[in-house]
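Enquirer: Residue numbers (my numbering): 31 to 313.
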């Protein structure tokens, strides 16, 4: 059942799950829940009403026809589902064929969360979603063939969603920034020193900062620290692991150093943040 700290459903073992909001409400997801972290992709779209849904502690307001795409590992939190109707599509990364997964940058944790289609895109997305839902509920094919049909139909849908502009589309990032961003994503728990990334990438710290300011609006060192804080928030919100242990996992030499680092950048202590994250979303 949907609820605090987890996301599952009647077909939890399947690599693809499609649920209506009515089914979500029946399963207990209608009430605002605690933050949770899923190992699946989640596509959400509305047919009517509005929905608030938080992804990595940023709240999005979803309108009919818009699409929200949360990636594996991101922290999510449902707002109330009353007054909204729509569809939720959850799938394992491995369910997509390799070419599609690469084409839509399925593993990109920096991809836009909210996608806003144009009028013509609405009709194409509705058709792709309806066909996928129909095949998902149909039972006229052998299991292996049915999986192949669903895989291809999902590929059509995610390729269309991925082609939509994000709600906050920015300039095309430089190769320097992309290399730095990927290095931070890989090594943020091992080092927070900008000099280490500069040496590994063969760029000067100043070059990395210029590229990061242009693409992300912040210096390179701040970008590194922000990624560490995000991971700390994810672990604090979705686990009962002590804050001191979280700091240790993120490379801090002592709980005091972690607490100071987090408080300076998040504006609150780790323990206070954990309590705030568990509180219900205000209407």
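Don't be surprised by glycine CBs; every beta carbon is placed ideally from N, CA and C.
For the alpha helix (DSSP H) that contains residue 133, what are its first and last residues?
Expert: Taken as a continuous stretch (DSSP letters only), the alpha helix (DSSP H) holding residue 133 covers 128-133.
Enquirer: Taking 9 Å as the threshold (C-beta atoms), are residue 97 and residue 170 in contact?
Expert: No, the Cβ-Cβ distance between residue 170 and residue 97 is not below 9 Å.
Enquirer: According to DSSP, is residue 71 part of a helix, a strand, or is it coil?
Expert: Note: residue 71 maps to strand in three-state DSSP.
Enquirer: By alpha-carbon positions, which one of 208, 82, 141 and 55 ends up nearest to residue 231?
Expert: With distances taken between Cα atoms, residue 231 lies closest to 208.
Enquirer: Less than 9 Å between the C-beta atoms of residue 206 and residue 233, yes or no?
Expert: Yes, the Cβ-Cβ distance between residue 206 and residue 233 is below 9 Å.
Enquirer: Can residue 68 and residue 100 be called in contact, C-beta distance under 9 Å?
Expert: Going by C-beta atoms, residue 68 is nearer than 9 Å to residue 100.
Enquirer: Considering just the uninterrupted stretch of the alpha helix (DSSP H) at residue 166, what are its terminal residues?
Expert: First-last of the alpha helix (DSSP H) with residue 166: 149-167.
Enquirer: Relative to the C-alpha of residue 263, which candidate in 71, 103 and 174 has its C-alpha closest?
Expert: The option with the nearest alpha carbon to residue 263 is 103.
Enquirer: Rounded to whole angstroms, how far is the Cβ of residue 71 from the Cβ of residue 123, which I believe are closer than 8 Å?
Expert: Contact flag correct, Cβ pair sits at about 7 Å.
Enquirer: Where does the unbroken beta strand (DSSP E) through residue 116 begin, and where does it stop?
Expert: Element bounds for residue 116: 115-121.
Enquirer: Residue 105 lies in the beta strand (DSSP E); which residues open and close that run?
Expert: Its beta strand (DSSP E) spans residues 105-108.
Enquirer: Tell me the residue span of the beta strand (DSSP E) that contains residue 83.
Expert: Looking at the DSSP string, the run of the beta strand (DSSP E) that includes residue 83 is 81-85.
Enquirer: Indicate whether residue 267 and residue 64 have their beta-carbon atoms separated by less than 9 Å.
Expert: Yes, they are a contact pair.
Enquirer: When you compare only the Cα positions, how much space is there between residue 55 and residue 249?
Expert: Each residue's alpha carbon lies about 43 Å from the other.
Enquirer: Return the CA-CA distance between residue 177 and residue 184, expressed in angstroms with no decimal places.
Expert: If I take the Cα positions, the gap works out to 10 Å.
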